[in-house]
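J.: Can you keep this structure in mind? I'll have questions shortly.
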Amino acid sequence: TADDIGKAAKDWPQMNFVMYHACLRPAFEQPDQAWAEFEKTGRMAWVSDLADIPQKYGVTNVYAELGTAFANSAVSHPKFCAAFIGTLVKGMGADHVLWGTDTLWYGSPQWQIEAMRRLEIPDDLQRKYGFAALGDANSVTKQQIFSGNALRMYGIKLKAAANTPLPAYSHDRLAALKKEYAKVAEPSNLRYGYVRAR
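Next comes the structure, spelled out in structure tokens:
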């Protein structure tokens with residue numbers, strides 16, 4: 004739950020608290036259950052509690068990371084996903100929501116990136132709940148979520164990062180494999196899911 008986050012954030016203002024999956028409970032309920040709750044109450048268990056923390060506790064050191072919560076809802080439950088993102092942006096501010104993908108479980112994150120770039124909060128949700136529009140694919144809000152917030156939170160200066168020399172990996176075995184692959188590349192967002200031994 005998000006019950007103890009606000010007090011901890013207030014007690015340790017010099018520390019950032021990043022709440023992975025934005026406190027969404029995908030292990031406990033499916034998006035359609037959470038959507039039914041949201042339609043009835045205008046709240047999402049734990050997510051709304053997280054979004055309330057900045058105002059309730061007067062803190063600015065709590066962040067919501069999207070992670071698998073976005074992947075679990077973006078394609079199959081887009082209206083729920085829009086309400087989920089809208090709740091976080093409205094309560095925490097667009098400057099306190101971080102991109103995450105859990106690509107370990109879902110394969111290439113490209114489909115999630117494309118889904119986020121296309122996601123918009125429907126007009127009816129904007130009117131009913133006071134959500135702001137997310138904007139086009141390159142909007143300020145989406146750029147903050149994709150990279151700007153993490154750069155700021157971790158103290159990374161974009162210009163400095165761009166000028167930092169990378170290790171010389173251009174001649175290792177992986178680079179050679181990448182070069183071979185590029186000759187016949189057929190990129191895919193195919194994902195295989197879980198493999199279980201019998």
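For reference, each letter of the sequence shown is one residue, going 4 to 201 in my numbering.
For glycine and all other residues, C-beta sits at the position ideal for the given N, C-alpha and C.
1. Tell me which residues share the same chain as Leu154 and place their Cβ nearer than 7 Å to its Cβ, disregarding the 5 neighbours each side in the sequence.
2. Put Phe3 into one of helix, strand or coil per three-state DSSP.
3. Below 8 Å, can you find three or more Cβ-Cβ pairs linking the stretch 72 to 79 to the stretch 108 to 116?
4. By Cβ distance below 6 Å, which residues in the same chain neighbour His99 in space, the five residues on each side in sequence not counted?
5. Please name the residue, chosen from Asp126, Asp7, Glu68, Ile56, that lies closest to Ala86 on a Cα-to-Cα basis.
6. Fully enclosed by the stretch 89 to 142, which alpha helix (DSSP H) runs are 4 residues long or longer?
7. Work out the CA separation of Met22 and Thr44 for me, nearest whole Å.
8. Can you tell which of Lys10, Lys93, Leu91 has its C-alpha closest to the C-alpha of Gly61?
9. Return the CA-CA distance between Thr28 and Ala5, expressed in angstroms with no decimal places.
10. Less than 8 Å between the beta carbons of Gly94 and Tyr132, yes or no?
11. What number of angstroms, rounded off, separates the C-alpha of Gly151 from the C-alpha of Ala37?
12. Rank Asp139, Lys82, Leu180, Leu137 by C-alpha distance to the C-alpha of Glu42 and give the top, closest one.
13. Just curious, the beta strand (DSSP E) that Ala153 is in, first and last residue?
14. So if DSSP puts Ala67 in a beta bridge, which residue, or which two residues, is it bridged to?
15. Return the residue from the list Phe149, Cys26, Ala12, Ala135 that minimises the CA-CA distance to Thr104.
16. Tell me which residues share the same chain as Gln58 and place their Cβ nearer than 8 Å to its Cβ, disregarding the 5 neighbours each side in the sequence.
17. What are the start and end residues of the alpha helix (DSSP H) that includes Thr4?
T.: Well, looking at it:
1. One-based indexing of the sequence shown puts residue 154 at position 151. So the qualifying residues of the chain are Leu161.
2. Outside the shown range of the chain, which is 4 to 201, sits residue 3, and nothing can be said about it.
3. In short, these stretches touch, since the Cβ pair count reaches three.
4. Position 96 of the sequence shown, counting from 1, holds the residue named residue 99. Tyr66, listed in sequence order.
5. Here residue 86 corresponds to residue number 83 of the sequence shown, with the count starting at 1. Nearest in C-alpha terms to Ala86, of all of Asp126, Asp7, Glu68, Ile56, is Asp126.
6. Runs of the alpha helix (DSSP H) inside the stretch 89 to 142: 106 to 109, 113 to 121, 126 to 132.
7. Start at 1 with the first residue of the sequence shown, and residue 44 comes out as number 41. Start at 1 with the first residue of the sequence shown, and residue 22 comes out as number 19. Spanning the two alpha carbons is a distance of roughly 23 Å.
8. The count along the sequence shown starts at 1 and reaches residue 61 at position 58. Ranking the options by Cα distance to Gly61, first place goes to Lys10.
9. Within the sequence shown, residue 28 is the residue found at index 25, counting from 1. Within the sequence shown, residue 5 is the residue found at index 2, counting from 1. It is worth fixing the name first, because residue 28 is Arg in this sequence and not Thr. The alpha-carbon atoms of Arg28 and Ala5 are separated by roughly 11 Å.
10. Stepping through the sequence shown from its first residue, residue 94 is reached at position 91. Stepping through the sequence shown from its first residue, residue 132 is reached at position 129. Their beta carbons are not under 8 Å apart, which means Gly94 does not touch Tyr132 by this criterion.
11. The count along the sequence shown starts at 1 and reaches residue 151 at position 148. The count along the sequence shown starts at 1 and reaches residue 37 at position 34. Going from the Cα of Gly151 to the Cα of Ala37 covers about 29 Å.
12. What you label residue 42 is simply residue 39 of the sequence shown in a count that begins at 1. Checking every option, the nearest Cα to that of Glu42 belongs to Lys82.
13. Here residue 153 is taken as the residue at index 150 of the sequence shown, counted from 1. That residue, Ala153, is in no beta strand (DSSP E); its alpha helix (DSSP H) goes 152 to 156.
14. Within the sequence shown, the letter at position 64 stands for residue 67. For Ala67, which the question treats as bridged, DSSP gives the partners Met22, Val100.
15. Counting from 1 along the sequence shown, the entry for residue 104 is found at position 101. Checking every option, the nearest Cα to that of Thr104 belongs to Phe149.
16. The residue given as residue 58 occupies position 55 in the sequence shown. Within the same chain, and ignoring the five residues on either side of Gln58 in sequence, the residues whose Cβ sits closer than 8 Å to its Cβ are Gly94.
17. Within the sequence shown, numbered from 1, the residue matching residue 4 stands at position 1. For Thr4, no alpha helix (DSSP H) run applies, since DSSP gives it neither H nor E.
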